[in-house]
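There are 2 protein chains.
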Amino acid sequence: MTTKNPLLWRYATKLFDPDAKVSPEDLQYLVDSLVYSPSSFGLQPWHFLVVSDPHLKAKLKPISWNQPQITDCSHLFVLCARTSMDAAYIERHAAHIAESRSMTSSKTDAYTQMMISNVLGKSEDQRADWMQRQVYIALGFLLSACMHKGIDSCPMEGFDKDKYDEILGLKEQSLTAVVACPVGYRSKSDSAAALKKVRWNESDIVEHL
Amino acid sequence: MTTKNPLLWRYATKLFDPDAKVSPEDLQYLVDSLVYSPSSFGLQPWHFLVVSDPHLKAKLKPISWNQPQITDCSHLFVLCARTSMDAAYIERHAAHIAESRSMTSSKTDAYTQMMISNVLGKSEDQRADWMQRQVYIALGFLLSACMHKGIDSCPMEGFDKDKYDEILGLKEQSLTAVVACPVGYRSKSDSAAALKKVRWNESDIVEHL
Numbered sequence: 120m121t122t123k124n125p126l127l128w129r130y131a132t133k134l135f136d137p138d139a140k141v142s143p144e145d146l147q148y149l150v151d152s153l154v155y156s157p158s159s160f161g162l163q164p165w166h167f168l169v170v171s172d173p174h175l176k177a178k179l180k181p182i183s184w185n186q187p188q189i190t191d192c193s194h195l196f197v198l199c200a201r202t203s204m205d206a207a208y209i210e211r212h213a214a215h216i217a218e219s220r221s222m223t224s225s226k227t228d229a230y231t232q233m234m235i236s237n238v239l240g241k242s243e244d245q246r247a248d249w250m251q252r253q254v255y256i257a258l259g260f261l262l263s264a265c266m267h268k269g270i271d272s273c274p275m276e277g278f279d280k281d282k283y284d285e286i287l288g289l290k291e292q293s294l295t296a297v298v299a300c301p302v303g304y305r306s307k308s309d310s311a312a313a314l315k316k317v318r319w320n321e322s323d324i325v326e327h328l
Numbered sequence: 120m121t122t123k124n125p126l127l128w129r130y131a132t133k134l135f136d137p138d139a140k141v142s143p144e145d146l147q148y149l150v151d152s153l154v155y156s157p158s159s160f161g162l163q164p165w166h167f168l169v170v171s172d173p174h175l176k177a178k179l180k181p182i183s184w185n186q187p188q189i190t191d192c193s194h195l196f197v198l199c200a201r202t203s204m205d206a207a208y209i210e211r212h213a214a215h216i217a218e219s220r221s222m223t224s225s226k227t228d229a230y231t232q233m234m235i236s237n238v239l240g241k242s243e244d245q246r247a248d249w250m251q252r253q254v255y256i257a258l259g260f261l262l263s264a265c266m267h268k269g270i271d272s273c274p275m276e277g278f279d280k281d282k283y284d285e286i287l288g289l290k291e292q293s294l295t296a297v298v299a300c301p302v303g304y305r306s307k308s309d310s311a312a313a314l315k316k317v318r319w320n321e322s323d324i325v326e327h328l
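Respectively, the protein sequence lines represent chains X and P.
For the first sequence, the numbering used here begins at 120 and goes up steadily by one.
For the second sequence, the numbering used here begins at 120 and goes up steadily by one.
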């Protein structure tokens with residue numbers, strides 16, 4: 120794959136080779152890309168599931184528009200957002216920063232108050248939406264990491280989020296499924312792999328000012 | 120930078136070297152990462168501005184919490200979302216797919232109708248929000264592209280979106296600014312570069328099932 124521009128090599132894989140598995144080393148690289156993804160204020164309002172159990176995948180397939188990628192992929196990533204964030208969470212994050220950087224907490228107090236007033240200044244709906252947006256940055260990082268490792272992927276919004284939350288026990292952890300992303304290796308019979316990538320002309324969507 | 124894990128090398132740059140400019144080749148790489156970013160159904164509900172004009176940057180700084188990155192960066196990316204999407208837009212996208220892949224449009228009709236019913240089935244607010252989420256995937260791709268090229272960046276939600284829309288003439292194009300991202304090269308005096316990256320423990324946010 121390295122002979123081709125990775126941006127053109129990547130595509131939303133329709134058929135995975137069910138026998139081709141991502142190695143433990145590569146899987147760790149993908150997990151790292153999520154753990155170290157940027158988020159607003161570094162607050163990481165997320166949680167990531169990596170599903171390889173065939174029984175669990177089989178349970179998720181019918182609530183994912185029956186898409187074969189769910190069961191045929193090597194690993195199914197489910198990127199989740201927190202459903203709430205309060206001052207205590209933000210203070211825990213600030214304490215974590217202070218501890219990791221051997222700072223006294225007084226040094227972070229003004230910053231902590233700024234984060235709290237920013238986050239709690241949003242309505243509950245805005246806050247939930249904002250946390251879910253951060254998960255899309257992590258999705259971008261995961262897809263990009265796959266692309267650089269020659270691993271195929273297929274980001275999916277098309278699944279029953281309520282049922283995912285129920286089956287994966289997310290509600291009781293104050294989490295919700297945002298996007299699913301099967302990863303693995305394309306099947307030789309995936310005709311979608313050869314299709315020309317379709318994008319608006321750069322001159323129509325990029326302006327230099 | 121290649122001696123260090125790029126994920127650890129990357130950080131939200133606080134001070135850019137105002138004299139260090141991204142080369143035209145590298146800038147094209149960053150633009151490509153946006154143009155080829157994935158989006159739901161490939162609908163690309165976005166528009167990207169690349170600001171290098173010092174006068175325009177100076178106008179944007181006071182409405183960006185006066186953050187020095189706005190004026191000191193090499194290029195300021197402003198990632199925008201469409202504010203509306205109708206059936207005509209989706210049909211144009213479908214026609215573009217058919218044309219690019221030399222298919223007759225009948226082959227794409229069922230897919231077109233599926234996209235239309237999915238997108239128009241959302242409320243106006245849900246649709247606007249969903250388009251903005253896609254922009255966060257592009258942000259992830261841009262940040263990741265910077266990281267791989269050793270280019271510094273600083274994603275920002277903290278700016279006055281209404282005023283950005285006004286100054287950049289976005290409203291009349293049915294667009295809105297979603298995130299800003301100064302890119303360039305860190306100043307040697309940016310003490311933030313040496314700070315330990317703070318993340319929740321992997322075992323607390325990643326579950327293997």
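Virtual Cβ for every residue (Gly too), placed ideally from N, Cα, C.
From a predicted model like this one, the values you see are computed outputs, not experimental measurements.
Leaving aside the five residues before and after residue i along the sequence, list all residues of the same chain whose C-beta is less than 8 angstroms from its C-beta, in chain order.
i, result
"residue 263 of chain P", "152"
"residue 308 of chain X", "134"
"residue 282 of chain X", "182"
Return the chain-ordered list of same chain residues with a C-beta closer than 6 angstroms to the C-beta of residue i, the five sequence neighbours on each side being excluded.
i, result
"residue 234 of chain X", "160 and 209"
"residue 207 of chain X", "none"
"residue 184 of chain P", "277"
"residue 140 of chain X", "193"
Give the C-beta separation of residue i and residue j to the nearest angstrom, bearing in mind that I take them to be a contact with Cβ-Cβ under 8 angstroms.
i, j, result
"residue 188 of chain P", "residue 301 of chain P", "4 angstroms"
"residue 202 of chain X", "residue 294 of chain X", "6 angstroms"
"residue 158 of chain X", "residue 164 of chain X", "7 angstroms"
"residue 198 of chain X", "residue 328 of chain P", "Not quite, the Cβ-Cβ distance comes to about 14 angstroms (not below 8 angstroms), so this is no contact."
"residue 251 of chain X", "residue 252 of chain P", "7 angstroms"
"residue 194 of chain P", "residue 219 of chain P", "Not quite, the Cβ-Cβ distance comes to about 29 angstroms (not below 8 angstroms), so this is no contact."
"residue 268 of chain X", "residue 136 of chain X", "Their Cβ separation, rounded to whole angstroms, is 16 angstroms, which puts residue 268 of chain X and residue 136 of chain X out of contact at 8 angstroms."
Does residue i come within less than 8 angstroms of chain X when only Cβ atoms are used?
i, result
"residue 236 of chain P", "no"
"residue 174 of chain P", "no"
"residue 151 of chain P", "yes"
"residue 293 of chain P", "no"
"residue 328 of chain P", "yes"
"residue 251 of chain P", "yes"
So, does the CB of residue i fall closer than 8 angstroms to a CB anywhere in chain B?
i, result
"residue 128 of chain P", "Protein chains in the displayed structure are X and P, and chain B is not among them."
With a threshold of 8 angstroms between beta carbons, is residue i in contact with chain P?
i, result
"residue 81 of chain X", "Outside the shown range of chain X, which is 120 to 328, sits residue 81 of chain X, and nothing can be said about it."
"residue 312 of chain X", "no"
"residue 189 of chain X", "no"
"residue 121 of chain X", "Interpretation of residue 121 of chain X is limited by its pLDDT of 49, a score under 50 that renders its predicted location unreliable; no figure is taken from the coordinates."
"residue 163 of chain X", "yes"
"residue 270 of chain X", "no"
"residue 260 of chain X", "yes"
"residue 135 of chain X", "no"
"residue 159 of chain X", "yes"
"residue 289 of chain X", "no"
"residue 296 of chain X", "no"
With respect to the beta strand (DSSP E) encompassing residue i, which residues constitute its N-terminal and C-terminal limits?
i, result
"residue 201 of chain X", "194–201"
"residue 326 of chain P", "325–327"
"residue 168 of chain P", "165–170"
How about residue i and residue j: are their beta carbons less than 8 angstroms apart?
i, j, result
"residue 279 of chain X", "residue 182 of chain X", "yes"
"residue 154 of chain X", "residue 256 of chain P", "no"
"residue 126 of chain P", "residue 265 of chain P", "no"
"residue 272 of chain X", "residue 132 of chain X", "yes"
"residue 130 of chain X", "residue 299 of chain X", "no"
With respect to the alpha helix (DSSP H) encompassing residue i, which residues constitute its N-terminal and C-terminal limits?
i, result
"residue 223 of chain X", "Looking at the DSSP string, residue 223 of chain X is not in any alpha helix (DSSP H), and its letter there is neither H nor E."
"residue 173 of chain P", "173–179"
"residue 319 of chain P", "Unbroken run through residue 319 of chain P: none, as it is neither H nor E."
"residue 296 of chain X", "Looking at the DSSP string, residue 296 of chain X is not in any alpha helix (DSSP H); the run it does join, the beta strand (DSSP E), is 294–303."
Tell me which same chain residues have a C-beta within less than 7 angstroms of the C-beta of residue i, skipping the five on either side of it?
i, result
"residue 238 of chain P", "204, 209 and 246"
"residue 261 of chain P", "149, 152, 153, 196 and 300"
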